[in-house]
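S.K.:
In our numbering, the protein residues as written are 8 to 386.
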């Protein structure tokens with residue numbers, strides 16, 4: 008097959024050939040009842056040197072970063088495996104893609120990368136995608152259901168991903184972890200396991216995207232598929248394994264199970280990214296000149312933040328500086344100063360790519376509050 012690299016992209020626009028219904032049923036929507044982003048106008052766009060016409064289709068320029076990440080991962084996979092067969096599974100309504108996945112599975116032909124850019128929290132495509140993928144292949148899954156990730160529909164999350172999700176301050180990271188956890192569950196049913204190469208959250212939509220690698224056998228480290236506890240009283244977060252379910256407690260009240268303890272899961276509790284893979288993606292982006300200016304600087308910053316976030320010592324979740332300030336009853340500390348102080352205390356800390364005013368750290372909330380008070384008194 009022909010592989011398109013940034014140097015071989017054609018400047019020609021893509022033609023839009025809509026399907027013609029022989030018996031169309033006229034639909035009328037009052038103009039004021041339509042959301043503004045459904046009124047799509049044809050326009051020319053340029054993305055990474057490729058000029059194209061959007062036609063009257065729904066196009067999001069803000070999703071370019073997710074496309075960049077997918078292209079980088081696909082190119083690395085092709086480089087290491089010598090070939091690349093890709094299925095973009097959500098073109099149109101998705102029915103054709105489901106049929107393709109079924110036919111390839113029946114013919115024992117498989118894809119190297121399957122991109123399932125679905126809407127909402129539809130996980131019904133997970134198993135067909137896994138069945139149609141080669142061992143060692145890549146799965147690029149999506150969720151756009153930020154409402155459920157925020158803990159507003161816990162039983163909906165159970166139905167979609169098998170995880171009971173409740174409201175916590177780092178709900179957008181939970182959104183990524185529940186998608187990975189849902190894929191872990193589906194893969195294990197088939198005798199496989201998946202590991203995240205990168206996980207990406209974008210506020211527009213919102214959009215939760217995860218790139219997973221499929222491997223034979225069960226998940227080698229079962230502690231990465233478990234539960235997360237958050238204490239509303241003290242703000243402490245921690246991960247729990249299945250074996251610990253009967254004895255969950257919080258350091259602020261070890262005598263009994265605290266009524267303020269919120270438990271979520273099961274979902275993915277391990278690292279959101281693979282350090283070596285993100286490093287390779289960054290090196291490739293630099294080779295292609297994708298990190299020079301404009302969007303490139305944003306991409307480079309994102310990939311470097313992902314490398315920091317993949318530190319094995321970091322637990323699930325992040326700590327928002329406004330929450331620290333509220334608990335310490337001081338002004339919100341500068342994030343750079345706070346991170347430096349946490350490092351001096353011997354803890355791991357880095358910025359979160361999900362929330363600009365938050366840190367991922369293994370420093371307990373109580374210690375963060377103490378540090379914030381000391382920084383405030385020293386001013």
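Even glycine gets a Cβ: it sits at the ideal position worked out from N, Cα and C.
(1) Given 8 angstroms as the limit, is there contact between the region 317 to 334 and the region 343 to 361, that is, 3 or more CB pairs closer than that?
(2) Can the beta-carbon of residue 207 be found closer than 8 angstroms to that of residue 221?
(3) Hey, residue 271 and residue 234 are a contact pair by Cβ (cut 8 angstroms); roughly how many whole angstroms apart?
(4) Give me the Cα-Cα distance between residue 93 and residue 119, rounded to the nearest whole angstrom.
(5) Using 8 angstroms as the threshold, is the region 291 to 298 in touch with the region 340 to 347, meaning 3 or more CB pairs across them?
(6) What is the DSSP secondary structure of residue 203, counted as helix, strand or coil?
(7) Let me know if residue 367 comes out buried or exposed under the rule of 16 or more other beta-carbons within 10 Å of its beta-carbon.
(8) Do three or more CB pairs link the region 276 to 287 to the region 328 to 342 at distances below 8 angstroms?
(9) Could you check the C-alpha separation between residue 194 and residue 140 for me, to the nearest Å?
(10) Only counting the same chain, and skipping five residues up and downstream in sequence, which positions put a Cβ closer than 7 angstroms to that of residue 14?
(11) Rounded to whole angstroms, what is the Cα-Cα separation between residue 250 and residue 154?
(12) Counting C-beta neighbours from all protein chains within 10 Å, is the total for residue 225 16 or more, i.e. buried, or is it exposed?
(13) Take the Cβ of residue 43 as the centre, count every other Cβ of all protein chains shown within 10 Å, and call the residue buried at 16 or more, exposed below.
(14) According to DSSP, is residue 365 part of a helix, a strand, or is it coil?
(15) How long is the line joining the alpha carbons of residue 122 and residue 188, rounded to whole angstroms?
(16) Could you tell me if residue 275 is buried or exposed, where buried requires 16 or more neighbouring beta carbons within 10 angstroms of its beta carbon?
(17) Quick check on this structure: which residue in 203, 232, 183 and 190 has the alpha carbon closest to the alpha carbon of residue 210?
(18) Does any residue of chain B have a CB that is nearer than 8 angstroms to the CB of residue 230?
(19) With burial defined as no fewer than 16 other Cβ atoms inside 10 Å of the residue's Cβ, what is the status of residue 245: buried or exposed?
(20) Considering only residues of the same chain and omitting the five flanking positions on each side of residue 278, which have a CB-CB separation below 6 angstroms?
M.R.: On the basis of the coordinates in this document:
(1) yes
(2) no
(3) 7 angstroms
(4) 6 angstroms
(5) no
(6) In this structure, residue 203 counts as strand in the three-state DSSP scheme.
(7) buried
(8) no
(9) Whole-angstrom Cα-Cα distance: 11 angstroms.
(10) Because the pLDDT at residue 14 is just 36, under 50, the model does not fix this residue reliably, and the value given afterwards should be weighed accordingly. Cβ contact annotation for residue 14 (same chain, cutoff 7 angstroms, sequence separation greater than five): none.
(11) So the alpha carbons of these two residues sit roughly 30 angstroms apart.
(12) exposed
(13) Residue confidence is low: residue 43 scores 47 on pLDDT, short of 50, so the model does not pin down where it sits. Its coordinate-derived value is still stated next. Taking all protein chains shown into account, residue 43 has fewer than 16 neighbouring C-beta atoms within 10 Å of its C-beta and is therefore exposed.
(14) Looking at residue 365 - three-state DSSP - the assignment turns out to be strand.
(15) 17 angstroms
(16) Buried is the call here.
(17) The shortest Cα separation from residue 210 among 203, 232, 183 and 190 belongs to 183.
(18) Included in the structure is just one protein chain, with no chain B present.
(19) buried
(20) Contacts found: 317.
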